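Asker:
Protein chains: 2
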Amino acid sequence: MIMTSKIENQPKKLKAGERILIAAELAFAKDGFERPSLRDITAAADVNLASVSYYYGSRDGLVDAVIIRAAKRWNVARIQQLDRCLSEAGGAPVAVEKIVACVVDPILDEAKESEDGGGYLGSLLGRSMTDPSSRMPDEVGAVYAEVMRRFDEALTRSAPHLERREIFWRLFFGVGAMLRIFTQGDLLNPASGGRSGEPDWEWIRCQLIRFVTGGIEAKSTK
Amino acid sequence: MIMTSKIENQPKKLKAGERILIAAELAFAKDGFERPSLRDITAAADVNLASVSYYYGSRDGLVDAVIIRAAKRWNVARIQQLDRCLSEAGGAPVAVEKIVACVVDPILDEAKESEDGGGYLGSLLGRSMTDPSSRMPDEVGAVYAEVMRRFDEALTRSAPHLERREIFWRLFFGVGAMLRIFTQGDLLNPASGGRSGEPDWEWIRCQLIRFVTGGIEAKSTK
DNA sequence: ATAAAGCCTAAACAAACGTTTGATTAACAG
DNA sequence: CTGTTAATCAAACGTTTGTTTAGGCTTTAT
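Chain order of the listed sequences is A and B.
For the first sequence, our numbering assigns the number 1437 to the initial residue and increments by one for each residue that follows.
For the second sequence, our numbering assigns the number 1437 to the initial residue and increments by one for each residue that follows.
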């Protein structure tokens, strides 16, 4: 018989490899790359423990896969948004503020839309760049290099007062400022400073972009 | 006999509790709060494994102790430097740049002087604020609150264009920018961007301070 | 239908972990 | 000295870890 085996193939039923990836991404973002055990992850994904070895070879392989997937997703979105800005400007330099937005928006958007409101997925980025256990896989290093090259190119035109290495470091600092939103646990929740009911993503975004833009536009140390 | 028991009490021979703390601080800064095992740490400290339980109750207790020790050290230095600036200004508002220096210098100085050049001790701060496993102990939360209050007070006078919550968030971003120096592993080493022989701490410090100052002085979103 | 490949699973593996124990040694007070 | 407390130690405890095994099930191709 044909129909008996699987009743339906609705979106709920992904293959084990995918389900692991999704569960692992959430677990790593929440608790770091070290703490979640494969038993935790596979239980959440509702797959067998051995599937991790089958699909990713080892736990480290799974960590790499999660990082690669997220990094590509973010960096593709960054370059797309930058290209859009560049074509809109039609040859003229793009405002620094807009370039900064291209760097941070893909991350903030994803965090904003994350249903648990905590920006777990955004915090994954923070961890993937800060955790000692996350050795940057070569595959994703190349993607970052390309992104860096593109933004360096754009800022060379939009912030001509800066030296080359200053552009690099100030972008670097800007990313650090953004990561801080995610890596400080329960700061987006109420009771921090003001009694804001829920994290006001748009306000924070404005604040971040203005801060980073101000930092980049600050005068050179030449 | 009296003299036979201990030949000398030179600085090399600290008590086990201290030696654990020192070894653990280095290990946690290098590899995060999760990875180093108590066997690694006690071996490096040249003490018995059970000493951790004896002095700190548990592994979590040791993590807390390391964080508390470092956080107090840094925050005391920050407030001291701020007080010095305030008294030098003699009632007038202190330049934003100087306030920023008070926040970052205690960390940068310690990293600079760290013999292995990698700023491991500075990276400990980054981890203590980013790692999911490092729940901020209450004892150190109070210290941070005091530091925050003092710097908020100073910036209210030196950056009067900002709302209260803007001051908070921009300081927050500034710390994130600083942390980035430490949490990106081998970026301070050569082969990154320029072929600088060794990390030029003074240049990086200037760059960081200028970036953060520019971010804080950027116009309000009011 | 039969074979082959891909996918999934329960069970077991050895290794490493944090913690506890009980005994031994050092420090010190009366 | 004697007695008491603090500090250190080797050894073992019970869990939990990532990984492997061997086999069953499903799908695809011949």
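For every residue, glycine included, the Cβ atom is placed at its ideal position computed from N, Cα and C.
It should be emphasised that the depicted structure is a prediction, and the values quoted were computed from it without experimental measurement.
Compute the Euclidean distance between the alpha carbons of Phe1609 (chain A) and Glu1599 (chain A), then round it to the nearest angstrom.
Answerer: Working through the first sequence from its first residue, we reach residue 1609 (chain A) at position 173. Working through the first sequence from its first residue, we reach residue 1599 (chain A) at position 163. Each residue's alpha carbon lies about 15 Å from the other.
Asker: What in chain B is Cβ-close to Glu1602 (chain A), meaning under 8 Å?
Answerer: Locating residue 1602 (chain A) in the first sequence gives position 166, counting from the first residue. Those within 8 Å of Glu1602 (chain A) in chain B are Gln1643.
Asker: Pull up the distance between the alpha-carbon of Arg1616 (chain A) and that of Ile1603 (chain A), whole angstroms please.
Answerer: For the purposes of this step, residue 1616 (chain A) is identified with residue 180 of the first sequence, where counting begins at 1. For the purposes of this step, residue 1603 (chain A) is identified with residue 167 of the first sequence, where counting begins at 1. C-alpha separation (whole angstroms): 20 Å.
Asker: Consult DSSP for Arg1471 (chain B) and reduce its assignment to one of helix, strand or coil.
Answerer: Locating residue 1471 (chain B) in the second sequence gives position 35, counting from the first residue. Coil at Arg1471 (chain B), not helix or strand.
Asker: Do Thr1657 (chain B) and Cys1642 (chain A) have their C-beta atoms closer together than 8 Å?
Answerer: Looking up residue 1657 (chain B) in the second sequence gives position 221. Looking up residue 1642 (chain A) in the first sequence gives position 206. For Thr1657 (chain B) and Cys1642 (chain A), yes; Cβs fall inside 8 Å.
Asker: Taking a contact to mean a Cβ-Cβ separation below 8 Å, would you say Ala1481 (chain B) touches Ala1459 (chain B) in this structure?
Answerer: Indexing the second sequence from 1 puts residue 1481 (chain B) at position 45. Indexing the second sequence from 1 puts residue 1459 (chain B) at position 23. Yes, the Cβ-Cβ distance between Ala1481 (chain B) and Ala1459 (chain B) is below 8 Å.
Asker: Give the straight-line distance between the Cα atoms of Asp1636 (chain A) and Val1539 (chain A), rounded to the nearest whole angstrom.
Answerer: If you number the first sequence from 1, residue 1636 (chain A) lands on position 200. If you number the first sequence from 1, residue 1539 (chain A) lands on position 103. Asp1636 (chain A) and Val1539 (chain A): Cα-Cα distance of roughly 19 Å.
Asker: So that I know if they touch, is there some Cβ in chain A lying closer than 8 Å to that of Gly1577 (chain B)?
Answerer: Your numbering for residue 1577 (chain B) matches position 141 in the second sequence. For Gly1577 (chain B), the answer is no, since every Cβ of chain A falls outside 8 Å of its Cβ.
Asker: Answer with buried or exposed for Arg1509 (chain A), where buried requires no fewer than 16 other C-beta atoms within 10 angstroms of its C-beta.
Answerer: Taking the first residue of the first sequence as position 1, residue 1509 (chain A) is located at position 73. Exposed is the call here.
Asker: So, are the CB atoms of Arg1606 (chain A) and Ala1654 (chain B) less than 8 Å apart?
Answerer: Numbered from its first residue, the first sequence carries residue 1606 (chain A) at position 170. Numbered from its first residue, the second sequence carries residue 1654 (chain B) at position 218. Taking 8 Å as the Cβ cut-off, Arg1606 (chain A) and Ala1654 (chain B) do not qualify as a contacting pair.
Asker: Quick one: any contact between the stretch 1583 to 1595 of chain A and the stretch 1521 to 1537 of chain A, if contact means 3 or more CB pairs under 8 Å?
Answerer: Touching, yes, given that three or more Cβ pairs across the two stretches are closer than 8 Å.
Asker: By Cβ distance, which residues of its chain are closer than 7 Å to Leu1450 (chain A), with the 5 residues on each side in sequence left out?
Answerer: Numbered from its first residue, the first sequence carries residue 1450 (chain A) at position 14. So no residue of the chain qualifies.
Asker: Can you check whether the CB of Arg1471 (chain B) is closer than 8 Å to the CB of Ile1515 (chain B)?
Answerer: One-based indexing of the second sequence puts residue 1515 (chain B) at position 79. One-based indexing of the second sequence puts residue 1471 (chain B) at position 35. No, the pair does not count as a contact, with Cβ atoms beyond the cut-off.
Asker: In the DSSP assignment, find the unbroken alpha helix (DSSP H) run with Glu1676 (chain A) in it and report its ends.
Answerer: Residue 1676 (chain A) falls outside the range modelled here, since chain A spans only 1437 to 1658, and no answer is possible.
Asker: So the alpha helix (DSSP H) Pro1542 (chain A) belongs to, where does it begin and stop?
Answerer: For the purposes of this step, residue 1542 (chain A) is identified with residue 106 of the first sequence, where counting begins at 1. Residues Val1532 to Glu1549.
Asker: Going by DSSP in three states, Thr1657 (chain B) sits in which element: helix, strand or coil?
Answerer: The residue given as residue 1657 (chain B) occupies position 221 in the second sequence. In this structure, Thr1657 (chain B) counts as coil in the three-state DSSP scheme.
Asker: Looking at chain A, is there any beta carbon in it that lies within less than 8 Å of the beta carbon of Leu1615 (chain B)?
Answerer: Along the second sequence, read from residue 1 onward, the residue named residue 1615 (chain B) stands at position 179. So yes, Leu1615 (chain B) belongs to the interface.
Asker: Rounded to whole angstroms, what's the CA-CA distance from Gly1468 (chain B) to Ala1525 (chain A)? Just pull it up for me.
Answerer: Sequence index remark: in the second sequence, residue 1468 (chain B) carries index 32 (1-based). Sequence index remark: in the first sequence, residue 1525 (chain A) carries index 89 (1-based). If you take the alpha carbons of Gly1468 (chain B) and Ala1525 (chain A), they lie about 44 Å apart.
Asker: Note down, in chain order, every chain A residue with its Cβ under 7 Å from the Cβ of Val1583 (chain B).
Answerer: For this step, residue 1583 (chain B) is matched to residue 147 along the second sequence. What Val1583 (chain B) touches in chain A: nothing, since even the nearest Cβ is about 15 Å away.
Asker: Does any C-beta atom of chain B lie closer than 8 Å to the C-beta of Phe1587 (chain A)?
Answerer: Position 151 of the first sequence, counted from the first residue, corresponds to residue 1587 (chain A). For Phe1587 (chain A), the answer is no, since every Cβ of chain B falls outside 8 Å of its Cβ.
Asker: Mapping the DSSP letters down to three states, classify Ala1528 (chain A) as helix, strand or coil.
Answerer: Position 92 of the first sequence, counted from the start, is the residue given in the question as residue 1528 (chain A). Correct three-state label for Ala1528 (chain A): coil.
Asker: Which residue comes first and which comes last in the alpha helix (DSSP H) that contains Gly1577 (chain A)?
Answerer: Counting from one through the first sequence, the residue named residue 1577 (chain A) turns up at place 141. Note, Gly1577 (chain A): alpha helix (DSSP H), Asp1574 to Ser1594.
Asker: Taking C-beta pairs closer than 7 Å, name the residues in chain B that Glu1653 (chain A) reaches, listed in chain order.
Answerer: Locating residue 1653 (chain A) in the first sequence gives position 217, counting from the first residue. Residues of chain B passing the Cβ test: Gly1650.
Asker: For the alpha helix (DSSP H) that contains Ser1489 (chain B), what are its first and last residues?
Answerer: Position 53 of the second sequence, counted from the first residue, corresponds to residue 1489 (chain B). It spans Ser1487 to Tyr1492 - the alpha helix (DSSP H) in which Ser1489 (chain B) sits, taken as one unbroken run.
Asker: Can you grab the Cα-Cα spacing for the pair Pro1542 (chain B) / Ile1456 (chain A), in whole Å?
Answerer: What you label residue 1542 (chain B) is simply residue 106 of the second sequence in a count that begins at 1. What you label residue 1456 (chain A) is simply residue 20 of the first sequence in a count that begins at 1. One C-alpha to the other measures close to 43 Å.
Asker: To which residues of the same chain is Thr1649 (chain B) closer than 6 Å at the C-beta, ignoring the five residues directly before and after it?
Answerer: Within the second sequence, the letter at position 213 stands for residue 1649 (chain B). Result list for Thr1649 (chain B): Val1532, Glu1533 and Val1536, in chain order.
Asker: Here's the rule: buried if 16 or more other CB atoms are within 10 angstroms of the residue's CB, otherwise exposed. What is Leu1485 (chain A)?
Answerer: By one-based count along the first sequence, residue 1485 (chain A) stands at place 49. Leu1485 (chain A) comes out exposed.
Asker: Is there a Cβ from chain A that is less than 8 Å from the Cβ of Arg1475 (chain B)?
Answerer: Along the second sequence, read from residue 1 onward, the residue named residue 1475 (chain B) stands at position 39. Taking Cβ atoms only, chain A never reaches closer than 8 Å to Arg1475 (chain B), which makes this a no.
Asker: Less than 8 Å between CB atoms is the rule here; does Glu1470 (chain A) satisfy it with respect to chain B?
Answerer: Reading the first sequence from its first residue, position 34 is the one you call residue 1470 (chain A). Answer yes: the Cβ-Cβ gap between Glu1470 (chain A) and chain B drops below 8 Å somewhere.
Asker: Check Asp1636 (chain A) in the structure and name its three-state DSSP category.
Answerer: Mapped onto the first sequence, residue 1636 (chain A) falls at position 200. Correct three-state label for Asp1636 (chain A): coil.
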